[in-house]
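Report on the following structure.
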Amino acid sequence: MMETLSIIFITTVKTLIYFGILMLHVAYATYAERKIIAHIQLRLGPMVVGYHGILQPIADVVKLIFKEDIVPSNVDRRIFIIAPLISLTAALSTFAVIPVSDSWVISDIHVGILYVLGIAGIGIYGIIFAGWSSNSKYAFLGGLRSAAQMISYEVALAMSLVGVILMAESFNLTEIVKKQAEYPLGMFLFPQIIGYFVFIVAMLAETNRLPFDLPEAETELVAGYFVEYSGIRFALFYLAEYLAMFCMSSLATICFWGGWTIPPFLIKALPILEAIPGIVWFLLKVYFHMFLFFWLRGTLPRYRYDQLMAIGWKVLIPLALLNIIVTSIFKYYS
Amino acid sequence: MTDLMRLKEIINKIFLVEIFKGLSLTLKMLFSKSVTIQYPFEKRKVYEGFRGRHALVKDPFTEADKCIGCMRCTTVCPSRCIYIKREKRENKMIVIDYIIDASRCIYCAYCVEACPVCALVLTEEYEYSSYKREELIFNKEKLLKNWDEFIKKWKQDYYFNKFWQPPGIDPSRWPKTKREQKPISIREFIENRKENKDESDN
Chain A
750 MMETLSIIFI TTVKTLIYFG ILMLHVAYAT YAERKIIAHI QLRLGPMVVG
800 YHGILQPIAD VVKLIFKEDI VPSNVDRRIF IIAPLISLTA ALSTFAVIPV
850 SDSWVISDIH VGILYVLGIA GIGIYGIIFA GWSSNSKYAF LGGLRSAAQM
900 ISYEVALAMS LVGVILMAES FNLTEIVKKQ AEYPLGMFLF PQIIGYFVFI
950 VAMLAETNRL PFDLPEAETE LVAGYFVEYS GIRFALFYLA EYLAMFCMSS
1000 LATICFWGGW TIPPFLIKAL PILEAIPGIV WFLLKVYFHM FLFFWLRGTL
1050 PRYRYDQLMA IGWKVLIPLA LLNIIVTSIF KYYS
Chain B
7 MTDLMRLKEI INKIFLVEIF KGLSLTLKML FSKSVTIQYP FEKRKVYEGF
57 RGRHALVKDP FTEADKCIGC MRCTTVCPSR CIYIKREKRE NKMIVIDYII
107 DASRCIYCAY CVEACPVCAL VLTEEYEYSS YKREELIFNK EKLLKNWDEF
157 IKKWKQDYYF NKFWQPPGID PSRWPKTKRE QKPISIREFI ENRKENKDES
207 DN
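Chains A and B, in that order, are what the protein sequence lines are. When we follow the working numbering, the leftmost residue of the first sequence carries the number 750, and every step to the right adds one. When we follow the working numbering, the leftmost residue of the second sequence carries the number 7, and every step to the right adds one.
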């Protein structure tokens, strides 16, 4: 009895800490995005609130909380209210299995990768519900596009991870990281370079980010599935989007970049590096992937819808299949 | 040759050469200096010939405007925003009021060019927006005040506006006062006025 209680207590505390840190990260990811995009376009970005606009995300959150929560009269009220919560819950739940360092994971389950992919898939329901219940053509089209895009890229995303699973011989995310340390280069990035490429492209499409942000293409759809939302509900969708980005970055870090470990040859060259706690490496790798999101956003224009589907089905899925075949052959003969 | 080009094209496509080129460009831009001017905190340099708020030039010694009420500015004004009230007294034209509706003005500076005595100028002031339309209709008093405010910020000792001279017309055909236009001394005048004030205070 006492044991169960203590487990519940520890999990709750861990979850709360994780939640707080995540919220802070999401808030400052919006700030970082605005700053990076601004500097790519030779602008300055937010500069007024605090030193170089450092308090801008807090001001934004306060503003969104105090804004009027408008529910249009023709929407399907119940589903309209539930939809952002579904998106947010799905996005938050994925972090339950993501290991931050050697001993720091809320729930160390054996099917970690499958859990992340499955829960991330549930997030699509929030988007479809939001689009459909809004009773607006923009929201509806955005929701449909988003659903089609996420379903077709989910296939490529999952397939790109099969190579990693084959090499690690485990679905457990902690196991995958530990297995990478046994390889000479310390990460699956080099043997799984095709898988990594497919993963990165599918990751962009899966989180509805540029260059695949068709669900919220401003020029055609105003804002896509959340046109009718305002105030804090609108913010919840944003939160879910950035959480999904962090989730995908963490997944890329764990599956391809060796999570909290660093390559053994680096440790051999500079033994001091071992003294730095693993979470620092993990966060640095996640930040790099977040930067990649913003960097690509600042560089690439949006694809057309048929191009998007063509890339998904005609390029990424065959590439992922090829990767699986090659990995299986190597695995079989070694 | 064409085969080689096609091969090159295919390689470019497979290794995403163009996307990487774009990424390297944006990365370079990320670390170069941004061009933003943070307006209310820092202001742009105002260039010569800037056409801003209107002012009637004050004579440095008599402290009165130079306008002779010839109506040339009202005639030339394309947007018809200058109104002059004048009266003939003892064979002399007296300007009672001089009104410019700045909300209708298009800042072409034709009035400045047309004025035979260089009485009117478009200053380099540009922050004079207002919540009320009435505040943008400048009368004579306000226009003279605008001049005072302008020379307070003027750093040089003299003010000479070369845009007073109508371009494309031979100088021999300009009015005599325009041809012999001299720079208006400003510092001297302000100091003069200060001394006068001190004397009158004493």
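Every residue gets a Cβ at the ideal spot worked out from N, C-alpha and C, and that includes glycine.
- Ranked by Cα distance from D103/B, the options L149/B, L142/B, E130/B and W170/B are led by L149/B.
- For K91/B, the beta-bridge partners assigned by DSSP are D103/B.
- Of the candidates T1002/A, L834/A, G802/A and I786/A, the residue whose Cα lies closest to the Cα of Q44/B is G802/A.
- Within 10 angstroms of the beta-carbon of D962/A lie 16 or more other beta-carbons, which makes it buried.
- Between E1023/A and P821/A, the CB-CB gap reaches or exceeds 7 Å.
- If you draw a straight line from the Cα of L834/A to the Cα of Y1036/A, it is about 26 Å long.
- Around the beta carbon of A839/A, 16 or more other beta carbons sit within 10 angstroms, so the residue counts as buried.
- The C-beta of G75/B comes no closer than 7 Å to any C-beta of chain A.
- By the 16-neighbour rule on beta-carbons within 10 angstroms, D176/B is exposed.
- What R792/A touches in chain B, judged by beta-carbon distance under 9 Å, is S40, V41 and T42, going in chain order.
- Collapsing the DSSP output to three states places W180/B in coil.
- According to DSSP, H60/B shares a beta bridge with L128/B.
- The residue from C76/B, P66/B, N18/B and S109/B with its alpha-carbon nearest to that of E194/B is P66/B.
- Your pair P933/A and M916/A does not check out as a contact, with CB atoms roughly 13 Å apart and the cut at 8 Å.
- Assignment of K763/A by DSSP, reduced to helix, strand and coil, places it in the helix class.
- Of all C-beta pairs linking the region 862–876 of chain A to the region 1018–1032 of chain A, fewer than three are shorter than 8 Å, placing the two stretches out of contact.
- Interface flag for H788/A against chain B is set, since a Cβ pair is found closer than 7 Å.
- Residue pairing of F144/B in beta bridges, as defined by DSSP: I106/B.
- In the DSSP assignment, H1038/A falls within the alpha helix (DSSP H) that extends over G1027 to T1048.
- At a cut-off of 7 Å, the C-beta of G1047/A has a neighbouring C-beta in chain B.
- At a cut-off of 4 residues, the continuous stretches assigned as alpha helix (DSSP H) that sit fully inside the region 12–61 of chain B are 23–36.
- A straight line joining the alpha-carbon of N823/A with that of R894/A spans about 22 Å.
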